[in-house]
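K.L.:
Protein chains: 2
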Amino acid sequence: MSEEKVKATRPIKASAVANWDIETDVAVVGFGGAGACAAIEASDAGARVALFELASAAGGSTALSSAEIYMGGNGGTRVQQACGWSDSSEAMVEFLKASAGGRADEAKIHNYVEHSVDHFNWLVERGVPFKDSEYKQRAIMALTDDCLLFTGSEKAWPFRDLAKPCPRGHNLEVVGDNGGPLFMKIMTENVEQRDIDVHYEARALTLIIDDDSGKVCGLVVRIDMQERFVRADKGVVLCSGGFVMNEPMVKKYAPELLRCSVPIGNPGDTGTGILMGQGVGAAAINMDEGFVSVPFYPPASFTYGIFVNAQGQRFINEDCYHGRVGAMLLKQQGDRVFLIATVEDYGDYEKISYLSASVAGTGETVAELEAELQLPEGQLQHSIEFYNRHAANGQDPLFHKSDEWLKPLEGPLVALDCTPGRGAFLPYFTLGGLDTLPSGEVLTPEGDVIPGLYAAGRTAAGIPRRGEGYCSGMSVGDATFTGRMAGRAAANA
Amino acid sequence: MSEEKVKATRPIKASAVANWDIETDVAVVGFGGAGACAAIEASDAGARVALFELASAAGGSTALSSAEIYMGGNGGTRVQQACGWSDSSEAMVEFLKASAGGRADEAKIHNYVEHSVDHFNWLVERGVPFKDSEYKQRAIMALTDDCLLFTGSEKAWPFRDLAKPCPRGHNLEVVGDNGGPLFMKIMTENVEQRDIDVHYEARALTLIIDDDSGKVCGLVVRIDMQERFVRADKGVVLCSGGFVMNEPMVKKYAPELLRCSVPIGNPGDTGTGILMGQGVGAAAINMDEGFVSVPFYPPASFTYGIFVNAQGQRFINEDCYHGRVGAMLLKQQGDRVFLIATVEDYGDYEKISYLSASVAGTGETVAELEAELQLPEGQLQHSIEFYNRHAANGQDPLFHKSDEWLKPLEGPLVALDCTPGRGAFLPYFTLGGLDTLPSGEVLTPEGDVIPGLYAAGRTAAGIPRRGEGYCSGMSVGDATFTGRMAGRAAANA
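As given, the protein sequences belong to chains A and B, one line each in that order.
The first sequence runs 34 to 526 under our numbering.
The second sequence runs 34 to 526 under our numbering.
(1) Find out if the Cβ-Cβ distance for the pair I219 of chain A, A72 of chain A is shorter than 7 Å.
(2) Which ranges does the beta strand (DSSP E) cover as unbroken runs of at least 3 residues, wholly within the stretch 173 to 241 of chain B, from first to last along the chain?
(3) I need the boundaries of the beta strand (DSSP E) containing C250 of chain A, first residue and last residue.
(4) Across which residues does DSSP place Y461 of chain B in a beta bridge pair?
(5) Within a Cβ cutoff of 6 Å, which residues of the same chain sit near T513 of chain A, ignoring the five residues on either side of it in sequence?
(6) Just list the residues that DSSP pairs F262 of chain B with in beta bridges.
(7) For P288 of chain A, go through chain B and note every residue whose CB falls closer than 8 Å to its CB, in chain order.
(8) So H355 of chain B and I173 of chain B are in contact, right, with Cβ under 8 Å, and what is the actual spacing, rounded?
(9) Could you tell me which of B:V399, B:N299, B:G306 and B:Y382 sits nearest to V392 of chain B, measuring between CA atoms?
(10) So, does the CB of G364 of chain B fall closer than 7 Å to a CB anywhere in chain A?
(11) At 7 Å on the CB atoms, spell out the chain A contacts of P430 of chain B, in chain order.
(12) Determine, using beta carbons only, whether L486 of chain A and V249 of chain A come nearer to each other than 7 Å.
(13) Using the DSSP secondary-structure output, state which residues sit across from Y487 of chain A in a beta bridge.
(14) Strictly under 7 Å for the Cβ-Cβ distance: is I318 of chain A near chain B by that measure?
(15) Going by alpha carbons, who is nearest to S389 of chain A out of A:P331, A:G312 and A:A400?
(16) Any idea if S119 of chain A is buried or exposed, counting beta-carbon neighbours within 10 angstroms, 16 or more meaning buried?
(17) Mind checking A100 of chain B: buried by the 16 CB within 10 Å criterion, or exposed?
(18) Count Cβ pairs between the stretch 282 to 296 of chain A and the stretch 132 to 144 of chain B that sit closer than 8 Å; are there 3 or more?
(19) Find the residues of chain C that neighbour T42 of chain B, judging by a C-beta separation of less than 9 Å, and give them in chain order.
(20) Distance check for V207 of chain A and L215 of chain A, CA to CA, integer angstroms please.
(21) Is the distance from the Cβ of G93 of chain B to the Cβ of N299 of chain B below 7 Å?
(22) What are the start and end residues of the alpha helix (DSSP H) that includes V376 of chain A?
(23) Measuring CB atoms only, is the stretch 192 to 210 of chain B touching the stretch 41 to 51 of chain B, in the sense that at least three cross pairs come out at less than 8 Å?
(24) Assess contact between the stretch 46 to 61 of chain B and the stretch 499 to 513 of chain B, defined as three or more Cβ pairs (one per stretch) separated by less than 8 Å. Is contact present?
(25) Count the other C-beta atoms from every protein chain shown that fall within 10 angstroms of the C-beta of R422 of chain B, then say buried if there are 16 or more, exposed otherwise.
(26) Would you mind giving the Cβ-Cβ distance between H152 of chain A and M104 of chain A, rounded to the nearest angstrom? I have them listed as a contact below 8 Å.
(27) Using a Cβ cut-off of 7 Å (strictly closer), state whether L87 of chain A contacts chain B.
(28) Of all the options B:R171, B:A78 and B:Q428, which has the alpha carbon lying nearest to the alpha carbon of R227 of chain B?
(29) Counting Cβ pairs closer than 8 Å, one from the stretch 240 to 248 of chain A and one from the stretch 419 to 439 of chain A, do we hit at least three?
(30) What does the Cβ neighbour count give for G63 of chain A, buried or exposed, with the cut at 16 atoms within 10 Å?
(31) Would you grab the beta carbon distance between R357 of chain B and T452 of chain B for me? Rounded to a whole angstrom, and I think it's under 8 Å.
(32) Can you name, in chain order, every residue of its own chain whose Cβ lies under 6 Å from the Cβ of A131 of chain A, other than the five neighbours on each side?
(33) Could you name the residues of the same chain whose beta carbon sits closer than 7 Å to that of N350 of chain A, not counting the 5 residues immediately before and after it, in chain order?
(34) Please classify E36 of chain B: is it buried, with 16 or more other beta-carbons within 10 angstroms of its beta-carbon, or exposed?
(35) If we count Cβ pairs, one from each stretch, closer than 8 Å, do we get three or more for the stretch 314 to 322 of chain B versus the stretch 475 to 492 of chain B?
(36) For Q259 of chain B, is the classification buried or exposed, using 16 other Cβ atoms within 10 angstroms of its Cβ as the cut-off for buried?
Quick look at the structure:
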């Protein structure tokens, strides 16, 4: 069977398989956060499990992430309670619904919230360390070993009016941005402690389906340059990440993301799992949506600043999550977006920021800055005059930034060029994938279950659905949780 | 075979067909603009053709439309030339690329433009009447029998800077909004003049595929309450419209559209063709995109007005096409969008407008209106002061509205509530469909051709890809042209 003939979207019929090289109950594709959790749960449910990873080690995109995990509700996780937060399931459901807007999968949200504290406990039982402490600064990630932090727009308008804010990001007990590697180290140990048949450097090529029923009954993987036929009696769980590293696929489904600077993910995020699912009739949904970061804090002091578009208009409450800024930034007309702050708040930006935006202009006065930025005369002056007048009273009538981050902007001022394509670091990833039930069972466009096929993590369209409502911790939270759901469902099939 | 068992996304194997009820070369699904043109071309290319229409008469969404047809390039159509317009292919290509932005299918655009004057001539040869005259008013449609008009944002920023503007909407020679019925009457006569086997009240259920090759070799239709098996030796052409009438499908792929008021289409626009394609492995793309109209002209005098969001900020050059206003309107934050005009320009709005937006406030002065609309104090005053000051000089530094539509807005003023969900008529339709080659051949997510399957019109993702770049006439232009391409390709298979 030549490489040219094996395509992800062309499943192979079981009758064409002369010999099964590997036989198992549950075959899991991808050894990142989702795949690890799927394999562990399937194994603990009594199934034989084979796990196939493209790379030569476990990790996936989870290992590259901060591995904050979004959990709460049910009165609170152990950490939330220890830090004095009593999180309600209702608030968490409402927040997640608002976060996803019209894209929300309510069944998934309810299932996720209902079992969220259980999930925390499950992770702890498997050795994941969380300290009973809170990180109270505004940051993209905690660089201490503190656990609990706000990782989204919970406290920001309009979300704070829709659901009682509560911090739900759980950072691992490790110093620095090292949560991802630690998390995957622990999960890998858990896999190794079990009778799970792990194959590294194993590229999943396509699914195998039963000739008559169409049930997914295995897959083809390439190991040592050879196609191997894997029989999976109970099912195949696709946990092979998203498609952000497949540029033609991003161009086809979510071309707006390509205006930004750097795709975030591991090299295996080429959409293979999504394509394999589509090949057996699965629906790929939410494929246009993505996450775009404008990592303008640290310094947190930039939150006192304002974003303006080419018209010199504000367009966002700057105390929201950086991903929401990214989503709104892409909606602006014209060819410029600036972050404007006082030189005082600029502080040690160059040392501590991830943004890498260049200084587009400075000014002792707003008029001077406006002229330097070539904004329409009077627009920035009006925006800042209006902003300052109300900020002095702790109010933001336009976007309801919280008074914690309101103060008049007095010169000297500085403007950073946050325009996509002009040097600022604007990383992005995709939020689309296969349509699944909360169990991880994969659905056709008409909502029928495809027997024998499961998907989890970024291969599926999960809890996070929109950049404008995204929170750090949603991806690893969703990946690990849906991995468990899918692994268990496949084992019990 | 019970109804429950036949699903669009579950194709049937040819080996399961005991008896073919109908045998043809090319089976066309849907007798709207695309299906009619596909059937005519396939027949003229020498193929036996069977045409299946769900309704009891021809028409589809084309008959419900104004049937403006977007054509030009190549120096101009007969009408363009007669009206003194020398349209270049380069300008038309550049405009269509800008219109679709990152979603553009360049191969399709080049093919469409290259053959656009041929298409005009083909339509004329089939009896479609176009008068050598131009309709010069700003309107959503020509209600006279004049032909040529600007039907998009060609003359508006930013498009006018990207491609030389030229009117390309071709209205049929018929008084009133009667182009669609006339067009389909003529196309139906053309079908009837040929040896085309037409079946009305025939519901396409699913495709039939060859057991071994997977080639699409027919379809199942329900006629007189019975499943009939249709063998199509050369191929099946899906021309069954979009999915705007399938609310769960819109909610799944393009939920933002559901904020608007009325789906535009015919009752058969339930996505059947798209689902049938997906069932045999086709990619559905551009599924999140749609067209949303804010039909604020007539009266054309409202173009002198301004749109503002809940922050009292302008967000659009109001001389652009109403669909672009709709796209930008949905991007605004906050809970209100208003159209503000002088009472003088309001004129006979209530008699002639399609918008049906209610009056949200009036004011002798801007301050009075601002207070009545409960906009943040000073914002609307600034927006109008800035606008007026520059309008007096024929300039719009923010959105570059053309000076033809610039004049200071002096009280008394009126504001119409254009907020989605508050009574304004904001019709919408979808712009997603199967991924196809310019030939109409349907593609898998990996870009492979699915043998025997073609799609055209709104069942495919065609020339129009984004609401923000849409022009009237793109849909019927694309449907009729791609129908021809697909019919011919299938006949020659």
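A virtual CB, placed ideally from N, CA and C, is assigned to each residue, including glycine.
All of these numbers come straight from a predicted model, not from anything done at the bench.
P.N.:
The answer reads as follows:
(1) Their beta carbons are not under 7 Å apart, which means I219 of chain A does not touch A72 of chain A by this criterion.
(2) Within the stretch 173 to 241 of chain B, the complete beta strand (DSSP E) runs of at least 3 residues are 229 to 232.
(3) For C250 of chain A, the enclosing beta strand (DSSP E) starts and ends at V249 to I256.
(4) Beta-bridge pairing links Y461 of chain B to B:P296 and B:V325.
(5) Only G66 and C70 meet the Cβ criterion.
(6) Per DSSP, B:V253.
(7) Chain B residues near P288 of chain A: G134, G135 and R136.
(8) The Cβ separation is near 6 Å, so the contact holds.
(9) Closest by alpha carbon: B:Y382.
(10) Residue identity check: residue 364 of chain B is Lys in the sequence provided, not Gly. With 7 Å as the cut-off, K364 of chain B counts as an interface residue toward chain A.
(11) For P430 of chain B, the chain A residues whose C-beta falls within less than 7 Å of its own C-beta are P409, listed in chain order.
(12) Cβ distance < 7 Å, so L486 of chain A and V249 of chain A count as in contact.
(13) Residue pairing by DSSP puts Y487 of chain A in a beta bridge opposite A:V270 and A:E474.
(14) Chain B contact via Cβ: present.
(15) Residue A:P331 is the option with its Cα nearest to S389 of chain A.
(16) Per the 10 Å Cβ criterion, exposed.
(17) Answer is buried; the Cβ neighbour count reaches 16.
(18) Three or more pairs of CB atoms, one per stretch, sit closer than 8 Å, so the stretch 282 to 296 of chain A contacts the stretch 132 to 144 of chain B.
(19) Protein chains in the displayed structure are A and B, and chain C is not among them.
(20) Rounded to whole angstroms, L215 of chain A to V207 of chain A spans 8 Å at the Cα level.
(21) Here G93 of chain B is near N299 of chain B, since their CB atoms are less than 7 Å apart.
(22) Note, V376 of chain A: alpha helix (DSSP H), V376 to Y379.
(23) Taking 8 Å as the limit for Cβ pairs, the verdict is that the stretch 41 to 51 of chain B does not touch the stretch 192 to 210 of chain B.
(24) In this structure the stretch 46 to 61 of chain B does not lie against the stretch 499 to 513 of chain B, because fewer than three pairs of beta carbons, one per stretch, are closer than 8 Å.
(25) Exposed.
(26) Between H152 of chain A and M104 of chain A, the beta carbon gap of about 6 Å places them in contact (Cβ cut-off 8 Å).
(27) In terms of beta-carbon proximity, L87 of chain A stays away from the interface with chain B, with every pair separated by 7 Å or more.
(28) Out of B:R171, B:A78 and B:Q428, B:A78 has the C-alpha closest to the C-alpha of R227 of chain B.
(29) Two segments are said to touch when three or more pairs of C-beta atoms, one from each, lie closer than 8 Å; by this definition the stretch 240 to 248 of chain A does not touch the stretch 419 to 439 of chain A.
(30) So G63 of chain A ends up on the buried side.
(31) So it is not a contact: roughly 18 Å between Cβ atoms.
(32) Excluding positions up to five away in sequence, the list reads F192 and L195.
(33) For N350 of chain A, where only same-chain residues beyond five positions count, the Cβ hits under 7 Å are A189, W190, D429, F432, H433 and K434.
(34) Only weak support exists for where E36 of chain B lies, its pLDDT of 44 falling under 50; the value from the coordinates is given anyway. E36 of chain B sits exposed, since fewer than 16 C-beta atoms from the chains shown fall within 10 Å of its C-beta.
(35) Taking 8 Å as the limit for Cβ pairs, the verdict is that the stretch 475 to 492 of chain B does touch the stretch 314 to 322 of chain B.
(36) Classification of Q259 of chain B: exposed, given that the 10 Å Cβ count is below 16.
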